[in-house]
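A.B. asks:
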């Protein structure tokens with residue numbers, strides 16, 4: 019897939035870089051990588067323009083990933099944009115919570131580039 | 054949040070956690086750093102281990118998981134995670150070691166039946182320097198494993214309160 023604009027939300031800058039690299043390894047041609055350190059920063063980034071995909075951690079200071087996903091319906095530029103959670107919180111309960119809040123995919127850390135590919139490509143193609 | 058679950062905090066349980074904690078750490082290093090962790094042939098002291106990352110546990114199990122290593126090891130972790138040459142200790146090193154500890158904690162709790170949903174993780178805290186003492190304000194039991202990362206010493210520990 020070409021020219022994908024992605025927003026990566028994680029309080030670890032190292033992890034944001036790893037996620038971006040994994041997306042490229044999954045075969046995505048990234049036109050733009052936007053980054054945010056928490057949910058509140060991500061909402062501010064989305065006010066600047068639209069993206070094609072959001073990858074979001076759960077445990078973050080200021081605003082966590084679940085709260086961020088719950089607030090997305092109120093953000094015009096985020097309408098229809100798929101969100102994939104990428105987090106250490108790997109329990110069934112957390113997955114259910116995230117999907118109920120509106121996430122379309124779920125990747126547990128630690129992850130392989132293959133796992134990123136398996137979750138992200140169908141979501142981007144509109145087949146979660 | 055659920056009350057502390059005494060079944061998840063007994064000394065017997067903590068002994069059975071050792072191989073799971075080691076496996077959790079090994080999986081993180083293999084998947085995220087492309088590196089293998091070896092069990093240390095004998096326990097080693099904490100001299101020179103001047104970087105500590107701590108992730109708090111709350112809920113059915115209350116306590117903390119910590120990772121201690123030398124700046125050299127933490128810098129190497131950052132380099133392997135980023136796939137670039139990180140020469141000097143700095144913000145990327147602290148970020149990397151905090152995230153490694155976070156992933157070990159998350160991976161470990163997901164391996165303990167009943168702990169995944171019943172236990173929350175804090176965001177990581179990273180301490181630079183070795184001249185400190187940590188005092189838990191509750192009875193606690195500490196379990197630690199001694200590992201080698203590229204031949205460099207590294208300690209992963211779990212401390213449970215109550």
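Protein chains in written order, with our numbering: chain A, 19 to 146; chain B, 54 to 215. Each residue gets a CB set at the ideal place from its N, CA and C atoms; glycine is no exception.
(1) Please name the residue or residues paired with residue 116 of chain B in a DSSP beta bridge.
(2) Using 8 Å for Cβ pairs, my map puts residue 128 of chain A next to residue 114 of chain B. What's the rounded Cβ distance?
(3) Quick one: any contact between the stretch 147-166 of chain B and the stretch 92-112 of chain B, if contact means 3 or more CB pairs under 8 Å?
(4) With a cut-off of 8 Å on the beta carbons, I'd call residue 71 of chain B and residue 178 of chain B a contact; round off their distance for me.
(5) Assign residue 169 of chain B to buried or exposed, taking buried as 16 or more other Cβ atoms, counted over all protein chains shown, within 10 Å of its Cβ.
(6) With a threshold of 9 Å between beta-carbons, can residue 88 of chain A be considered close to chain B, or not?
(7) Closer than 8 Å, Cβ to Cβ, to anything on chain B: give me those residues from the stretch 110-127 of chain A, in chain order.
(8) Quick check on DSSP: helix, strand or coil for residue 106 of chain A?
(9) For the alpha helix (DSSP H) containing residue 120 of chain A, name the first residue and the last one.
(10) So, for residue 141 of chain A: in the same chain, excluding its five sequence neighbours on each side, which residues have a beta-carbon less than 7 Å away from its beta-carbon?
(11) Between the stretch 168-179 of chain B and chain A, which residues of the former have a C-beta closer than 7 Å to a C-beta of the latter?
(12) Just to confirm my understanding: we take residue 131 of chain A, look at its own chain, exclude 5 residues before and 5 after, and list those with CB closer than 7 Å. What are they?
(13) Given that residue 138 of chain B touches chain A, what residues does it touch there, using C-beta distances under 8 Å?
(14) Reducing DSSP to helix, strand and coil, say where residue 97 of chain B ends up.
(15) Give the straight-line distance between the Cα atoms of residue 58 of chain A and residue 47 of chain A, rounded to the nearest whole angstrom.
(16) Against chain C, with Cβ distances strictly below 9 Å, would residue 32 of chain A count as a contact?
(17) At what residues does the alpha helix (DSSP H) containing residue 61 of chain A begin and finish?
(18) With DSSP run on the structure shown, which of helix, strand or coil describes residue 134 of chain B?
(19) Check whether the Cβ atoms of residue 120 of chain A and residue 68 of chain A sit closer than 9 Å, and answer yes or no.
(20) Whole angstroms is fine: what's the gap from residue 55 of chain B's alpha carbon to residue 163 of chain B's?
(21) Closer than 9 Å by beta-carbon distance: list the chain B residues that pair up with residue 23 of chain A, in chain order.
(22) With which residues is residue 181 of chain B paired in a DSSP beta bridge?
(23) If we define contact as Cβ-Cβ less than 9 Å, is residue 47 of chain A a contact residue for chain B?
(24) How long is the line joining the alpha carbons of residue 96 of chain B and residue 68 of chain B, rounded to whole angstroms?
(25) To the nearest whole angstrom, what separates the beta carbons of residue 51 of chain A and residue 26 of chain A, a pair I think is in contact under 8 Å?
(26) Taking C-beta pairs closer than 8 Å, name the residues in chain B that residue 78 of chain A reaches, listed in chain order.
(27) Which same chain residues, not among the five before or five after residue 117 of chain A, have their C-beta less than 8 Å away from its C-beta?
C.D. replies: Inspection of the coordinates gives the following:
(1) B:110 and B:213
(2) In fact, because the Cβ distance is near 21 Å, the residues do not count as touching under 8 Å.
(3) yes
(4) 24 Å between Cβ atoms; not a contact.
(5) buried
(6) no
(7) 110, 111, 112, 126 and 127
(8) coil
(9) No alpha helix (DSSP H) holds residue 120 of chain A; DSSP gives it neither H nor E.
(10) 100, 102, 122 and 123
(11) 169, 170, 174 and 176
(12) 40, 43 and 44
(13) Result: empty, since nearest Cβ-Cβ is about 14 Å, beyond 8 Å.
(14) coil
(15) 27 Å
(16) Although the question refers to chain C, the structure presented lacks it and instead comprises the protein chains A and B.
(17) 57-64
(18) helix
(19) no
(20) Confidence at residue 55 of chain B is low in this model, with a pLDDT of 46, below 50, so the placement of that residue should be treated as unreliable; the coordinate-derived value is given next. If I take the Cα positions, the gap works out to 17 Å.
(21) Result: empty, since nearest Cβ-Cβ is about 22 Å, beyond 9 Å.
(22) B:104
(23) no
(24) 16 Å
(25) 7 Å
(26) 176
(27) 124
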